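Below is one structure, written out as structure tokens; comments come after it.
Next comes the structure, spelled out in structure tokens:
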């Protein structure tokens, strides 16, 4: 299957762990950078599954790129928002986001009764009580939202491409 990626990194990446994970899972990649007219590219594309990446931007800065919240209107598409892109989307949806010292860690997440070894690297978090109505909390860790769902969008505040359990998570989302 061909998977679309909207890369929110500061410089376009050709090979990173997300690309490798998708290729290991047997998928082809179509890469778009956030500086491209990515919303219209996604909208007109025949690709059904799109992943929006993490990034080292400050989600609170007006100079940082943002996820276009109109993706909720693209009902024939499925989106996975990872880390920064999740923060960007939830901020626009009116959710509460907090800052803290950067956290880089591998941890165990309980998601719908399944234990997932996950990895995170961020300094912004969404408290579990900071979600807006209609956004479904799927997993939390230390009172932080780690996985959530809204309409056609699944969001992770962890990087599924970094662990074996994350590979399974990606595979399940793509099936």
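Numbering (full-length UniProt numbering), first residue to last: 1 to 175.
Glycine included, C-beta positions come from ideal geometry on N, C-alpha and C.
Because the structure is a prediction, the values reported are computed rather than measured.
Exposure label - residue 134; buried when at least 16 CB within 10 Å: Counting from 1 along the chain shown, the entry for residue 134 is found at position 134. Residue 134 is exposed by the Cβ-count criterion.
CB of residue 106 within 8 Å of CB of residue 117, strictly: Against the chain shown, residue 106 aligns to sequence position 106. Against the chain shown, residue 117 aligns to sequence position 117. Their beta carbons are under 8 Å apart, which means residue 106 touches residue 117 by this criterion.
First and last residue of the uninterrupted alpha helix (DSSP H) at residue 86: For the purposes of this step, residue 86 is taken as the residue at position 86 of the chain shown. Looking at the DSSP string, the run of the alpha helix (DSSP H) that includes residue 86 is 84-92.
Minimum Cβ-Cβ distance from residue 141 to chain C less than 8 Å: Here chain C cannot be found, since the structure has a single protein chain.
Where residue 69 sits in the DSSP three-state scheme: The residue given as residue 69 occupies position 69 in the chain shown. Residue state, collapsed to three classes: helix.
Cβ-based burial, residue 225 [other Cβ within 10 Å; buried from 16]: Coverage of the chain is limited to positions 1 through 175, which leaves residue 225 absent and any answer about it impossible.
Option nearest residue 159 by Cα separation, candidates 109, 150, 113: Taking the chain shown and counting its residues from 1, the one referred to as residue 159 is at position 159. For residue 159, the nearest C-alpha among the options comes from 109.
For residue 129, the first and last residue of its enclosing beta strand (DSSP E): Counting from one through the chain shown, the residue named residue 129 turns up at place 129. Careful: residue 129 lies outside any beta strand (DSSP E) and carries neither H nor E.
Exposed unless 16 or more other CB atoms sit within 10 angstroms - verdict on residue 156: Mapped onto the chain shown, residue 156 falls at position 156. So residue 156 counts as buried.
Nearest-angstrom beta carbon gap, residue 126 and residue 90 [assumed within contact, 8 Å]: Numbered from its first residue, the chain shown carries residue 90 at position 90. Numbered from its first residue, the chain shown carries residue 126 at position 126. Confirmed, about 6 Å.
Collapsed DSSP secondary structure at residue 136 in the structure displayed: On the chain shown, residue 136 is found 136 positions in, with the first residue counted as 1. DSSP places residue 136 in strand when its eight states are reduced to three.
Rounded Cβ spacing between residue 131 and residue 83 (contact assumed at less than 8 Å): The residue you call residue 131 lines up with position 131 of the chain shown. The residue you call residue 83 lines up with position 83 of the chain shown. Not really, about 16 Å apart at Cβ, beyond 8 Å.
Given 8 Å, three or more beta-carbon pairs between the stretch 26-45 and the stretch 58-74: yes
Of the listed residues 30, 10, 11, nearest to residue 19 (C-alpha basis): Along the chain shown, read from residue 1 onward, the residue named residue 19 stands at position 19. If we check each option's Cα against that of residue 19, 30 comes out closest.
Residue from 72, 163, 122, 144 with nearest C-alpha to residue 129: Position 129 of the chain shown, counting from 1, holds the residue named residue 129. Checked all of 72, 163, 122, 144; the closest Cα to residue 129 is 144.
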